[in-house]
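These notes concern the structure reproduced below.
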Amino acid sequence: MTDIATLRQQAAQARAGAAGSTPMAVPRDRPESPEIRFTSQLRAKKVTRDDGMDWYEVEGYASAFEAGYEMWDMFGPYTEIVSKGAADKTLGADPEVVFRFNHAGTPMASTRNDRLKLWADDHGLGQRAWLNPKRSDVQLLVQAIEDEDVREQSFMFRITSGQWSPDYTEYRIQEFDLERGDVGPVTYGANPHTSIAARSGEFLDLIPNLPALVAREAYSRLAQRSDLTTAPVPAPQTPAPARAAAPAAKGRSISMLRTQLLVEADED
Numbered sequence: 006m007t008d009i010a011t012l013r014q015q016a017a018q019a020r021a022g023a024a025g026s027t028p029m030a031v032p033r034d035r036p037e038s039p040e041i042r043f044t045s046q047l048r049a050k051k052v053t054r055d056d057g058m059d060w061y062e063v064e065g066y067a068s069a070f071e072a073g074y075e076m077w078d079m080f081g082p083y084t085e086i087v088s089k090g091a092a093d094k095t096l097g098a099d100p101e102v103v104f105r106f107n108h109a110g111t112p113m114a115s116t117r118n119d120r121l122k123l124w125a126d127d128h129g130l131g132q133r134a135w136l137n138p139k140r141s142d143v144q145l146l147v148q149a150i151e152d153e154d155v156r157e158q159s160f161m162f163r164i165t166s167g168q169w170s171p172d173y174t175e176y177r178i179q180e181f182d183l184e185r186g187d188v189g190p191v192t193y194g195a196n197p198h199t200s201i202a203a204r205s206g207e208f209l210d211l212i213p214n215l216p217a218l219v220a221r222e223a224y225s226r227l228a229q230r231s232d233l234t235t236a237p238v239p240a241p242q243t244p245a246p247a248r249a250a251a252p253a254a255k256g257r258s259i260s261m262l263r264t265q266l267l268v269e270a271d272e273d
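Take 6 as the starting number for the sequence shown in this note's numbering and just add one per residue.
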């Protein structure tokens with residue numbers, strides 16, 4: 006089995022070959038609005054705001070700056086880093102961002118209703134949201150945070166500026182756009198992979214335990230790929246069972262029956 010260091014080297018060489026003399030701007034086949042998750046210490050507490058109403062205040066960091074995490078593109082694994090300062094421009098433009106759990110469902114807060122605040126500091130992209138305690142989904146989320154069943158944060162964004170390292174092993178996000186994106190807690194958050202390509206590492210781990218039928222089908226489809234330099238050896242085919250010889254005819258033939266019928270008709 007190929008180790009991860011060799012995969013990284015091979016992927017970097019493939020990127021360099023594909024890029025040629027023109028550096029890649031973003032990783033190939035990366036989603037336009039990728040979802041990146043980070044482990045974050047979430048805090049939830051009941052507070053009374055200036056409007057005199059009680060709200061659940063949920064606070065944490067949606068990203069971490071200058072902290073490398075593993076990602077995958079169509080060539081293989083690489084390290085990605087969000088640069089300190091990458092959020093400065095988008096935050097200065099007052100983006101419209103919503104707060105949601107697991108990037109789905111009805112928004113619980115928004116920068117437009119002044120119940121979601123975002124900031125950037127040396128650590129990363131921080132957020133503080135005020136959630137309506139009357140909502141059942143808010144109650145469930147806060148309980149999950151208090152029980153430490155939900156401990157991670159995430160954000161969705163669009164890359165506007167980035168750069169590969171000279172050897173194509175590291176990609177640095179220099180600037181991103183949060184407009185019409187979201188932030189919030191997620192069930193799993195230790196730098197997971199989001200697109201099919203980005204989840205390739207997970208797929209590789211599953212290969213040894215794939216059911217035989219699925220493994221054979223995957224093997225067959227890979228054999229049809231024209232971009233693989235080494236064609237896989239065709240899977241051995243189970244010989245078809247020998248066709249049984251037709252059983253010998255028994256009894257009278259059609260011609261004999263026809264003759265008998267003619268004779269019987271003459272007798273009548």
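All C-beta atoms in this analysis are idealised placements derived from N, C-alpha and C, irrespective of residue type, glycine included. Here the structure is a predicted model, which means the values were calculated and not measured.
Just the C-alpha distance for residue i and residue j, rounded to the nearest angstrom, thanks.
i, j, result
"residue 65", "residue 192", "14 Å"
"residue 93", "residue 178", "13 Å"
"residue 14", "residue 231", "22 Å"
"residue 226", "residue 173", "29 Å"
"residue 125", "residue 99", "13 Å"
"residue 19", "residue 229", "20 Å"
"residue 215", "residue 221", "9 Å"
"residue 22", "residue 127", "36 Å"
"residue 90", "residue 211", "37 Å"
"residue 123", "residue 27", "36 Å"
"residue 217", "residue 166", "44 Å"
"residue 86", "residue 138", "36 Å"
Once you ignore the five residues that flank residue i on each side, which residues in its own chain have a CB closer than 6 Å to its CB?
i, result
"residue 146", "106"
"residue 17", "172, 173, 174"
"residue 50", "62"
"residue 129", "66, 68, 69, 70"
Leaving out five residues on either side along the sequence, give the residues of the same chain with a beta carbon under 8 Å from the beta carbon of residue i.
i, result
"residue 115", "101, 102, 103, 104, 121"
"residue 108", "40, 159, 161, 187, 189, 191"
"residue 238", "Annotation note: pLDDT 48 at residue 238 (below 50); position unreliable, no value reported."
"residue 185", "100, 101, 102"
Short check: CB of residue i to CB of residue j, under 8 Å?
i, j, result
"residue 84", "residue 181", "no"
"residue 190", "residue 47", "yes"
"residue 62", "residue 133", "yes"
"residue 169", "residue 29", "yes"
"residue 12", "residue 60", "no"
"residue 155", "residue 149", "yes"
"residue 34", "residue 79", "yes"
"residue 112", "residue 9", "no"
Please list, in chain order, all residues of the same chain as residue i whose beta carbon is under 7 Å from its beta carbon, the five residues on each side excluded.
i, result
"residue 164", "31, 178, 181"
I want to check one thing, is the minimum distance from the CB of residue i to the heavy atoms of the ligand ZN below 7 Å?
i, result
"residue 48", "Absence of the ligand ZN from the depicted structure is noted, as is the absence of any ligand whatsoever, leaving it without description."
My parser needs the beta strand (DSSP E) runs of 3 or more residues fully inside the region 74–113; what are they?
Within the region 74–113, the runs of beta strand (DSSP E) at least 3 residues long that lie entirely inside it are, in chain order, 74–77, 82–87, 102–106.
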